[in-house]
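Take any residue in the sequence shown, count from 1 to its spot, add 200: that is its number in our numbering. Every residue, glycine too, gets a C-beta built ideally from N, C-alpha and C. Note that the structure is a prediction, hence the values are computed from the model and not measured. Before any comments, here is the structure.
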Amino acid sequence: MATAEIGVIGLAVMGANLALNIADNGYKVAVFNRTTERTREFLASAGELADRVVPCETMEDFVAAIRPPRPVIIMVKAGDPVDQQIAMLRKLMDRDDIIIDAGNANFRDTMRRFKELDGTGLTFIGMGVSGGEEGARHGPSIMVGGKEASWKRVEPVLTAISAKFKGEACAAWLGENGAGHFVKTIHNGIEYADMQMIAEVYGVMRDHLGMAASEIGDVFDRWNKGPLDSFLIEISATVLRAADPETGKPMVDMILDAAGQKGTGRWSVIESQMMGVPATAIEAAVAARSLSAMTGERAEAEKLLGLPGPGKAGDKQAVIDDLEQALLAGKVAAYAQGFAVMAAASTEFGWDLPMPVIAKIWRAGCIIRSRFLDEIAGAFSKDPNVSNLALTSAFSKVLLETDGALRRVVAGAVTNGLPMPALASSVSYFDTLRRARGTANLIQAQRDFFGAHGFKRMDKAGDFHGPWGSGAV
Ligand SMILES: NC(=O)C1=CN([C@@H]2O[C@H](COP(=O)(O)OP(=O)(O)OC[C@H]3O[C@@H](n4cnc5c(N)ncnc54)[C@H](OP(=O)(O)O)[C@@H]3O)[C@@H](O)[C@H]2O)C=CC1
Ligand SMILES: O=C(CO)[C@H](O)[C@H](O)COP(=O)(O)O
């Protein structure tokens, strides 16, 4: 008998916690997972919420267990598994049923799926969800893409399960088609940059100031009470203080320095490049993860080239204070770039992405949640169409205040051979942005020289060629 009001497919970390969150909010939820053992384990772990869970071992039973029109959330590994679930659902679902892909889909796959489902009578939604395990269970940030009418049909349940910032739901409809998944992708690109920059300042404290993991954790804890107050700083403090149960050593000191990546960071960079919008902090972070994975090559290079000699550590507290300011400046670069990429995509794909709303629904629930995002929400609410966050009065002030520290930190890192790709990219980004007369005049001259590409002049309109035709070399 159809008793459930909604269904969830996929009971790994995200799906299981989302299903419990839905049940916790008073909805009866049908669940299905390809491997039935996982469904049984899920039911056993549901505790007093088990009464609101309908476990299903076949897709047929799952669809039959939900009252039409059926909203079904797919929360499986992104890529082919999503297409496989949709193909199975298409055979069983009826007109007006709703399929919501809530995984980290590439928005281009989402756009394809919208096309494939067009005309079938089924409603499709591509939805980004952020918050990890804890967020999924108690309130994630939810980024919805699709028809506005589709959003209206599922708005009550999605707002109920979402995180709340001062009572405001962190769930919103952001635009048609792949808009939700695009915004989630850029959220993750920014997440990569945030994490990389935190790792860079950790490196200075560990390798230059010689600080132990727990002492660095204490610094992050203090920073978390100031302008850097954020989930990522908070968890960094916690993980730096954790001990390895096997050796008793700091857990972080036992973890291989090779970071994984599942694709969203890389897609952010690819899309930003395709649209010609610089996202240098995100690019640096993605490249840093790739370099981190080259453990063999790095070990070989260290043997061959050695490390630069350790420089003088200087005044420890002054360096730590500079690191805090530098991190703040780097954040401005990463967020300014991420929002600029979204603004370009909004035009390119005709989405009309609401920047103030995006900043608002990232203030709680998601991995990049922070005090900083509340300030971004404020800046965008004042001026929703600003071309670059760094040009708002609030953030240009932050940049002027942190400029010296960012330079000292990056200069110190370069002098002492400490890798700092994302923060260094931020200095260059701001220095390029703030210089009205750059150096691309020479590039234009070179292009014209070798390819007759032409150039514009500063003193008059039109297209011109230089005097390097014959005999210029
Ligand atoms: N983990 C996180 O912090 C976050 C993850 N996400 C995204 O949410 C989605 C789910 O993530 P997560 O919970 O970590 O799980 P995983 O990405 O690890 O995927 C595991 C789930 O996918 C199912 N699955 C894999 N292949 C298939 C297939 N061919 N057919 C059917 N089911 C399949 C698995 O079923 P089985 O048990 O049978 O193997 C299991 O339920 C992903 O898109 C992920 O990128 C989004 C935000 C945060
Ligand atoms: O979406 C997420 C957080 O927001 C997921 O945790 C995602 O897996 C993070 O990306 P990666 O695995 O590439 O670090």
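Q | Spatial neighbours of Val673 in its chain, beta-carbon cut-off 8 Å, leaving aside the 5 residues before and after | A | For Val673, the pLDDT reaches just 46, beneath the cut-off of 50, and the residue's location in the model is therefore unreliable, although a value from the coordinates is still provided. Nothing meets the Cβ criterion.
Q) Going by the CB atoms, is the gap between Leu527 and Met405 shorter than 9 Å? A) no
Q) Can we count Gln473 as close to ligand 2, meaning its CB is less than 8 Å from some heavy atom? A) no
Q) Measuring CB to CB, does Val477 end up less than 9 Å from Ala540? A) yes
Q) Run through DSSP, which three-state label would Trp373 get? A) strand
Q. In this structure, does DSSP put Met343 in helix, strand or coil?
A. strand
Q | Run of the alpha helix (DSSP H) containing Thr320, from where it starts to where it stops | A | No alpha helix (DSSP H) holds Thr320; DSSP gives it neither H nor E.
Q. Quick one: is Met214 buried, meaning 16 or more other Cβ sit within 10 Å of its Cβ, or exposed?
A. buried
Q) What did DSSP end up calling Pro556 once you bin it into helix, strand or coil? A) helix
Q. With DSSP run on the structure shown, which of helix, strand or coil describes Gly415?
A. In the sequence as presented, Gly is not what sits at residue 415; that position holds Glu. Reduced to three states, the DSSP call for Glu415 is helix.
Q. Between which two residues does the beta strand (DSSP E) containing Gly207 stretch?
A. 206-209
Q) Grouping DSSP H, G and I as helix and E and B as strand, with all else coil, what is Gly328? A) strand
**Q.** Inter-residue Cα distance where the pair is Gly339 and Asn233
**A.** 22 Å
Q. Along the chain, where does the beta strand (DSSP E) that runs through Asp301 open and close?
A. 298-301
Q: Compute the minimum distance between the beta carbon of Glu391 and the heavy atoms of ligand 2, and state whether it is under 8 Å.
A: yes
Q. What do you reckon, is the C-beta of Ser468 under 8 Å from a heavy atom of ligand 2?
A. no
**Q.** Secondary structure of Ala150, DSSP reduced to three states
**A.** Because the chain is modelled from 201 through 673, residue 150 falls outside the range shown and cannot be assessed.
Q. For Glu368, which beta-bridge partners are listed by DSSP?
A. Phe365
(Q) Within a Cβ cutoff of 7 Å, which residues of the same chain sit near Glu260, ignoring the five residues on either side of it in sequence? (A) Leu292
Q) Below 9 Å between beta carbons: does that hold for Asn306 and Thr236? A) no
Q.
With distance defined between alpha-carbon atoms, name the residue in Glu497, Leu573, Ile520 nearest to Ala534.
A. Leu573
**Q.** Status (buried if at least 16 other CB within 10 Å, exposed otherwise) for Ser472
**A.** buried
Q.
My parser needs the alpha helix (DSSP H) runs of 4 or more residues fully inside the region 241-285; what are they?
A. 259-264
Q | alpha helix (DSSP H) runs contained entirely in the region 461-540, provided each spans 4 or more residues | A | 464-475, 480-493, 495-505
Q: Return the chain-ordered list of same chain residues with a C-beta closer than 6 Å to the C-beta of Lys560, the five sequence neighbours on each side being excluded.
A: Ala577
(Q) As a quick exercise: from Gly565, Ala545, Leu599, Asp659, pick the residue whose alpha carbon is nearest that of Arg308. (A) Ala545
Q: May I ask whether a heavy atom of ligand 2 can be found less than 8 Å away from the beta carbon of Ser330?
A: yes
Q | DSSP three-state assignment for Val213, whether helix, strand or coil | A | helix
**Q.** Pair within 9 Å by beta-carbon distance, Ile558 and Ile361
**A.** no
Q. Exposed or buried, what is Lys531 when buried is set at 16 or more other beta-carbons lying within 10 Å of its beta-carbon?
A. buried
Q. What is the rounded straight-line gap between the Cα of Gly448 and the Cα of Pro554?
A. 48 Å
**Q.** Beta-carbon spacing of Met475, Asn377 below 9 Å
**A.** no
Q.
Would you say the beta carbon of Thr236 is closer than 8 Å to some non-hydrogen atom of ligand 2?
A. no
**Q.** Coil, strand or helix - Ala230 by DSSP
**A.** strand
Q) With distances taken between CB atoms, is the gap from Gly389 to Leu507 smaller than 9 Å? A) no
(Q) Measuring CB atoms only, is the region 356-374 touching the region 432-442, in the sense that at least three cross pairs come out at less than 8 Å? (A) no
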